[in-house]
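**Student:** Going by the UniProt record's numbering, the letters in the sequence shown line up with residues 1 to 545, in that order. Below: one structure in structure tokens.
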Amino acid sequence: MALRERQSQGRVSRFFAAYSIDTTVFGWSFGIIVVFCIVGALMPRTVGNLANTGLNWVVRNLGWLFVLASVGFVVFTIYLAVSRYGRIPLSQDGEPPQFSTVSWVAMMFSAGMGIGLIFFGVYEPVAHLANPAPWLNVQPGSQQAARLGMAYSFFHWGLHPWAIYATVALALAYSTYRKGRGNLISSPFQSLLGKKRIEEDGWGKPIDIWAIVATKFGGATSLGLGSLQIAAGIYLFTGIGGGFGQQDGQGTLIALLVIAVLIFFAVLSAVSGVSRGIKWLSNTNMVIAALLVLFVLFAGPTVFLLNLGPSALGAYVFNFIPWSLRTPAFGGVGWLSDWTIFYWAWWISWTPFVSTFIARISKGRTIREFVLGVLIVPTLVSALWFTILGGAGLNLQLTGRANIAGAGSTSEAAAFFTALQQYPGFFATGIVVMFLVAIFWVSGADASAVVLGILSSRGTTEPNKWLIAAWAVMSAAVAAVLLLVGGLQALQTFTILVAAPFVLIIIGLCWSLYSDLRHDPLRRARAGPVGHQRRRTVVPSEPED
Numbered sequence: 001m002a003l004r005e006r007q008s009q010g011r012v013s014r015f016f017a018a019y020s021i022d023t024t025v026f027g028w029s030f031g032i033i034v035v036f037c038i039v040g041a042l043m044p045r046t047v048g049n050l051a052n053t054g055l056n057w058v059v060r061n062l063g064w065l066f067v068l069a070s071v072g073f074v075v076f077t078i079y080l081a082v083s084r085y086g087r088i089p090l091s092q093d094g095e096p097p098q099f100s101t102v103s104w105v106a107m108m109f110s111a112g113m114g115i116g117l118i119f120f121g122v123y124e125p126v127a128h129l130a131n132p133a134p135w136l137n138v139q140p141g142s143q144q145a146a147r148l149g150m151a152y153s154f155f156h157w158g159l160h161p162w163a164i165y166a167t168v169a170l171a172l173a174y175s176t177y178r179k180g181r182g183n184l185i186s187s188p189f190q191s192l193l194g195k196k197r198i199e200e201d202g203w204g205k206p207i208d209i210w211a212i213v214a215t216k217f218g219g220a221t222s223l224g225l226g227s228l229q230i231a232a233g234i235y236l237f238t239g240i241g242g243g244f245g246q247q248d249g250q251g252t253l254i255a256l257l258v259i260a261v262l263i264f265f266a267v268l269s270a271v272s273g274v275s276r277g278i279k280w281l282s283n284t285n286m287v288i289a290a291l292l293v294l295f296v297l298f299a300g301p302t303v304f305l306l307n308l309g310p311s312a313l314g315a316y317v318f319n320f321i322p323w324s325l326r327t328p329a330f331g332g333v334g335w336l337s338d339w340t341i342f343y344w345a346w347w348i349s350w351t352p353f354v355s356t357f358i359a360r361i362s363k364g365r366t367i368r369e370f371v372l373g374v375l376i377v378p379t380l381v382s383a384l385w386f387t388i389l390g391g392a393g394l395n396l397q398l399t400g401r402a403n404i405a406g407a408g409s410t411s412e413a414a415a416f417f418t419a420l421q422q423y424p425g426f427f428a429t430g431i432v433v434m435f436l437v438a439i440f441w442v443s444g445a446d447a448s449a450v451v452l453g454i455l456s457s458r459g460t461t462e463p464n465k466w467l468i469a470a471w472a473v474m475s476a477a478v479a480a481v482l483l484l485v486g487g488l489q490a491l492q493t494f495t496i497l498v499a500a501p502f503v504l505i506i507i508g509l510c511w512s513l514y515s516d517l518r519h520d521p522l523r524r525a526r527a528g529p530v531g532h533q534r535r536r537t538v539v540p541s542e543p544e545d
């Protein structure tokens with residue numbers, strides 16, 4: 001018996017060694033997630049109550065930290081782009097980008113916000129119209145509330161979240177492709193603590209374990225939102241829903257079945273690799289989303305939308321600094337907790353997932369090109385998306401043609417479909433939306449699984465495909481448990497709870513990256529072309545301690 005046990009342990013050890021799997025990081029993170037799934041499935045109400053208690057404490061006591069940190073990340077990334085550090089490539093000199101600019105933007109946009117934009121694209125501006133921020137001093141339902149509500153949607157989905165993503169992704173990409181370290185959240189800290197402490201003494205393992213846990217919940221949130229959106233569409237088309245759980249109008253059972261079906265396609269995409277699976281899905285997403293936006297633009301109130309965009313963008317720019325520094329010090333804690341602070345925490349909880357993936361696909365870009373691509377392009381696309389789709393919802397609400405706010409108060413996911421019902425060809429457009437969400441779902445699950453494979457395989461940029469597939473299945477399991485615990489509220493709550501520790505980690509990554517950049521050979525090099533047009537520059541090796 002003892003001999004068999006030793007042989008079995010030997011086979012397991014050889015398996016982990018063959019695929020460079022870190023047994024400590026993988027074992028602890030996998031164990032934490034499995035325990036959560038079991039406890040959440042057996043005691044969903046208890047887990048939900050504990051999570052809500054923790055959420056209230058974090059939002060009310062650490063809201064100021066999220067606000068100041070998010071502003072700091074915007075300033076930090078813009079400074080790097082406009083300074084002399086902007087010419088430094090995220091690779092050794094002479095290496096071109098791995099993906100075309102169009103595919104690069106499409107992939108990071110799909111991973112960063114795809115499903116969320118569909119879920120909140122119509123609902124959020126209308127919610128701000130019905131319940132504007134108290135310090136705006138505008139009448140609910142007024143045209144001014146509509147303009148500022150759209151501006152606040154730009155604010156929540158614009159520069160701040162992408163600056164958060166860019167900060168972490170920059171540190172990871174520079175550390176991996178410029179310095180030759182592992183592609184782990186802990187790897188950039190070698191510049192502060194030394195390679196020996198991080199890699200050999202195990203100081204980096206707690207960071208990587210928590211990164212996997214946060215990635216799992218951040219990715220599961222996106223998957224949960226997508227399944228709820230598709231379930232809402234099925235309910236509107238067929239009347240099938242209700243199921244069980246707390247999603248009365250959408251059907252938790254249908255959402256769980258959606259997860260079960262889509263995870264099959266996510267696994268197929270995962271084993272095909274980033275260059276084939278995620279790239280193809282992301283490019284397809286971009287085309288379908290563009291067609292949907294054009295349809296609403298020309299089938300909807302075209303002139304109203306064209307007037308709304310510049311007006312809301314002006315309000316966003318004018319109020320950028322005061323809104324960025326708004327805290328609950330003088331009231332409005334409820335609104336800020338539900339919206340701004342929640343969003344900043346939500347984006348931070350996604351950084352291990354989204355930023356690691358962005359770093360993975362950004363090899364060869366300069367820092368300036370990276371920041372412009374990650375901050376400016378997605379911000380403009382988000383503004384365009386909200387202007388057209390959210391603006392259509394605002395117009396329907398203001399003119400009384402449809403009660404989007406009422407539909408959204410019952411089910412946030414139903415707001416999008418309720419708006420589309422007012423235009424010709426709802427059957428076709430509704431199917432297109434569900435198909436679009438499904439593709440976002442599969443590409444998001446795939447990207448999340450790739451990141452988890454990287455983090456649990458000592459930072460290798462090409463983790464084993466079947467390990468990626470296993471993490472994809474686990475993402476679906478966590479999303480399913482969160483839906484059972486409490487639907488959308490549970491999805492949001494758990495992502496915020498895992499985000500709080502990551503604020504400090506991201507601040508540390510800023511410090512580490514800046515320390516590295518100060519010693520980069522190109523920092524003092526004479527201005528000129530970089531990347532594949534410049535001679536190879538030797539980057540100094542890491543200190544051992």
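Note that beta-carbon positions come from the ideal geometry of N, C-alpha and C, so glycine has one too. Computed from a predicted model, the values in this text were never measured in an experiment.
Could you give the C-beta distance for Phe357 and Val450, rounded to a whole number, given that I count them as a contact under 8 Å?
**Tutor:** Stepping through the sequence shown from its first residue, residue 357 is reached at position 357. Stepping through the sequence shown from its first residue, residue 450 is reached at position 450. Yes, Phe357 and Val450 are in contact; Cβ-Cβ is about 7 Å, under 8 Å.
**Student:** Return the CA-CA distance between Ala266 and Pro352, expressed in angstroms with no decimal places.
**Tutor:** For this step, residue 266 is matched to residue 266 along the sequence shown. For this step, residue 352 is matched to residue 352 along the sequence shown. Rounded to whole angstroms, Ala266 to Pro352 spans 20 Å at the Cα level.
**Student:** Taking the alpha helix (DSSP H) that Pro161 belongs to, which residues open and close that run?
**Tutor:** The residue labelled residue 161 in the question sits at position 161 within the sequence shown. Run containing Pro161: Leu159 to Ala173, per the alpha helix (DSSP H) assignment.
**Student:** From the DSSP output, read off the bridge partner residues of Pro89.
**Tutor:** Walking along the sequence shown from the start, residue 89 turns up at place 89. Beta-bridge pairing links Pro89 to Thr366.
**Student:** How many Å lie between residue 547 and Ile439 at the Cα?
**Tutor:** Nothing about residue 547 can be read from this structure; the chain reaches only from 1 to 545.
**Student:** Please list, in chain order, all residues of the same chain as Gln250 whose beta carbon is under 7 Å from its beta carbon, the five residues on each side excluded.
**Tutor:** By one-based count along the sequence shown, residue 250 stands at place 250. Bear in mind that the predicted position of Gln250 carries a pLDDT of just 47, short of 50, making it too unreliable to give a figure here.
**Student:** Looking at the ligand ATP, does it come within less than 7 Å of Tyr423, judged from the CB to the closest heavy atom?
**Tutor:** Summarising the ligand content, the structure contains no ligands, and the ligand ATP is consequently not present.
**Student:** To the nearest angstrom, how far is it from the Cα of Gln397 to the Cα of Asn403?
**Tutor:** As a working note, residue 397 is residue 397 in the sequence shown. As a working note, residue 403 is residue 403 in the sequence shown. Answer to the nearest angstrom: the Cα atoms are 6 Å apart.
**Student:** Should the region 491–507 be called in touch with the region 52–59, which here means at least 3 C-beta pairs below 8 Å?
**Tutor:** Taking 8 Å as the limit for Cβ pairs, the verdict is that the region 52–59 does touch the region 491–507.
**Student:** What number of angstroms, rounded off, separates the C-alpha of Thr185 from the C-alpha of Trp162?
**Tutor:** Working through the sequence shown from its first residue, we reach residue 185 at position 185. Working through the sequence shown from its first residue, we reach residue 162 at position 162. The identity of residue 185 in the sequence shown is Ile, whereas the question assumes Thr. Answer to the nearest angstrom: the Cα atoms are 18 Å apart.
**Student:** Would Ile38 be called buried (16 or more neighbouring beta carbons within 10 Å of its own) or exposed?
**Tutor:** What you label residue 38 is simply residue 38 of the sequence shown in a count that begins at 1. Exposed.
**Student:** Suppose the cutoff is 6 Å on Cβ atoms and the five residues either side in sequence are ignored; what does the same chain contact list for residue 562 look like?
**Tutor:** The structure shown has nothing for residue 562, since the chain only spans 1 to 545.
**Student:** Could I get the ranges of all uninterrupted alpha helix (DSSP H) runs contained in the region 331–399, with 4 residues as the minimum, in chain order?
**Tutor:** Listed in chain order, they are 333–338, 340–360, 367–371, 377–385 and 391–399.
**Student:** Can you tell me whether Asp22 is helix, strand or coil according to DSSP?
**Tutor:** Sequence index remark: in the sequence shown, residue 22 carries index 22 (1-based). If DSSP states are grouped into helix, strand and coil, Asp22 belongs with coil.
**Student:** Where do the ends of the alpha helix (DSSP H) carrying Thr429 lie?
**Tutor:** The residue you call residue 429 lines up with position 429 of the sequence shown. Phe426 to Leu455 is the span of the alpha helix (DSSP H), which, as asked, contains Thr429.
**Student:** Taking all protein chains shown into account, do 16 or more other C-beta atoms lie within 10 angstroms of the C-beta of His519, making it buried, or fewer, making it exposed?
**Tutor:** Position 519 of the sequence shown, counting from 1, holds the residue named residue 519. Exposed is the call here.
**Student:** Could you pull out every residue in the same chain whose Cβ sits closer than 7 Å to the Cβ of Asn319, ignoring the five residues on either side in sequence?
**Tutor:** Residue 319 sits at position 319 when you count from the first residue of the sequence shown. The answer, listed in chain order, is Ala151.
**Student:** Give me, in chain order, the residues of the same chain whose beta-carbon lies closer than 6 Å to that of Thr460; leave out the 5 immediate sequence neighbours on both sides.
**Tutor:** The residue you call residue 460 lines up with position 460 of the sequence shown. Result list for Thr460: Ser20, in chain order.
**Student:** How many angstroms separate the CA atom of Thr221 from the CA atom of Ser103?
**Tutor:** Position 221 of the sequence shown holds residue 221. Position 103 of the sequence shown holds residue 103. Rounded to whole angstroms, Thr221 to Ser103 spans 24 Å at the Cα level.
**Student:** Between the alpha carbons of Ile207 and Ile507, how many angstroms are there, rounded?
**Tutor:** Translated into positions along the sequence shown, residue 207 becomes position 207. Translated into positions along the sequence shown, residue 507 becomes position 507. Going from the Cα of Ile207 to the Cα of Ile507 covers about 13 Å.
**Student:** Counting Cβ pairs closer than 8 Å, one from the region 72–92 and one from the region 361–379, do we hit at least three?
**Tutor:** A contact exists between the region 72–92 and the region 361–379.
**Student:** Quick one: what's got a C-beta closer than 8 Å to Pro140's C-beta in the same chain, skipping five residues either side?
**Tutor:** Counting from one through the sequence shown, the residue named residue 140 turns up at place 140. These residues qualify, in order along the chain: Leu129, Ala130, Asn131 and Pro132.
**Student:** What residue does the alpha helix (DSSP H) around Lys205 start on, and which one ends it?
**Tutor:** For the purposes of this step, residue 205 is identified with residue 205 of the sequence shown, where counting begins at 1. Residues Lys205 to Thr238.
**Student:** Here's a check: name, in chain order, each residue in its chain whose Cβ is nearer than 7 Å to the Cβ of Gly149, leaving out the five neighbours to either side.
**Tutor:** As a position in the sequence shown, residue 149 is number 149, starting the count at 1. Excluding sequence neighbours, Gly149 sits near Pro125, His128, Leu129 and Pro132.
**Student:** Given this structure, state the Cα-to-Cα distance separating Ser153 from Ser349, to the nearest angstrom.
**Tutor:** In the sequence shown, counting from the first residue as 1, residue 153 sits at position 153. In the sequence shown, counting from the first residue as 1, residue 349 sits at position 349. Their Cα atoms are separated by approximately 19 Å.
**Student:** Count the CB pairs spanning the region 115–122 and the region 76–90 that are closer than 8 Å, and state whether there are at least three.
**Tutor:** Contact between the region 115–122 and the region 76–90 is absent, because fewer than three Cβ pairs lie under 8 Å.
**Student:** For Gly158, I'd like the list of residues in its chain whose CB is within less than 8 Å of its CB, leaving aside the five on either flank, ordered along the chain.
**Tutor:** In the sequence shown, the residue the question calls residue 158 occupies position 158. Taken in chain order, the residues that qualify are Tyr316, Thr379, Ser382 and Ala383.
**Student:** Who are the near neighbours of Asn137 in its chain, counting only those whose CB is closer than 8 Å to its CB and skipping five residues on each side?
**Tutor:** Counted from its first residue, the sequence shown places residue 137 at position 137. Around Asn137: no qualifying Cβ.
**Student:** Once the 5 residues before and after Ile198 are set aside, which same chain residues still bring their CB inside 6 Å of it?
**Tutor:** Counting from 1 along the sequence shown, the entry for residue 198 is found at position 198. Correct list, in chain order: Ser186, Phe189, Gln190 and Gly204.
**Student:** Nearest by alpha-carbon distance to Lys216: which of Val473, Pro501, Ala289 and Gln421 is it?
**Tutor:** Taking the sequence shown and counting its residues from 1, the one referred to as residue 216 is at position 216. Closest option to Lys216, Cα to Cα, is Val473.
**Student:** For Gly243, which residues of its own chain have a beta-carbon under 7 Å away from its beta-carbon, when the five flanking residues on both sides are left out?
**Tutor:** Taking the first residue of the sequence shown as position 1, residue 243 is located at position 243. Unreliable placement is indicated for Gly243, whose pLDDT of 45 sits below 50; no coordinate value is reported for it.
**Student:** Which runs of the alpha helix (DSSP H) spanning at least 4 residues fall entirely within the region 296–328, listed in chain order?
**Tutor:** The region 296–328 contains these whole alpha helix (DSSP H) runs: 302–318 and 320–324.
**Student:** In the structure shown, what three-state DSSP assignment does Asn183 receive?
**Tutor:** As a working mapping, residue 183 is identified with position 183 in the sequence shown. If DSSP states are grouped into helix, strand and coil, Asn183 belongs with coil.
**Student:** The alpha helix (DSSP H) that contains Phe66, what's its start and end?
**Tutor:** Here residue 66 refers to the residue found at position 66 of the sequence shown. Note, Phe66: alpha helix (DSSP H), Pro44 to Val82.
**Student:** Taking Phe400 as the reference, give the member of Trp335, Ala419, Thr387 and Gly218 with the closest Cα.
**Tutor:** Translated into the one-based positions of the sequence shown, residue 400 becomes position 400. Reading off the sequence shown, one finds Gly at residue 400, where the question assumed Phe. Looking at the Cα atoms, Ala419 is the closest of the given residues.
**Student:** Looking only at its own chain, which residues have a Cβ that is under 6 Å from the Cβ of Ala173, when we skip the five neighbours before and after it?
**Tutor:** For the purposes of this step, residue 173 is identified with residue 173 of the sequence shown, where counting begins at 1. Here the set comprises Leu90, Ala359 and Ser362.
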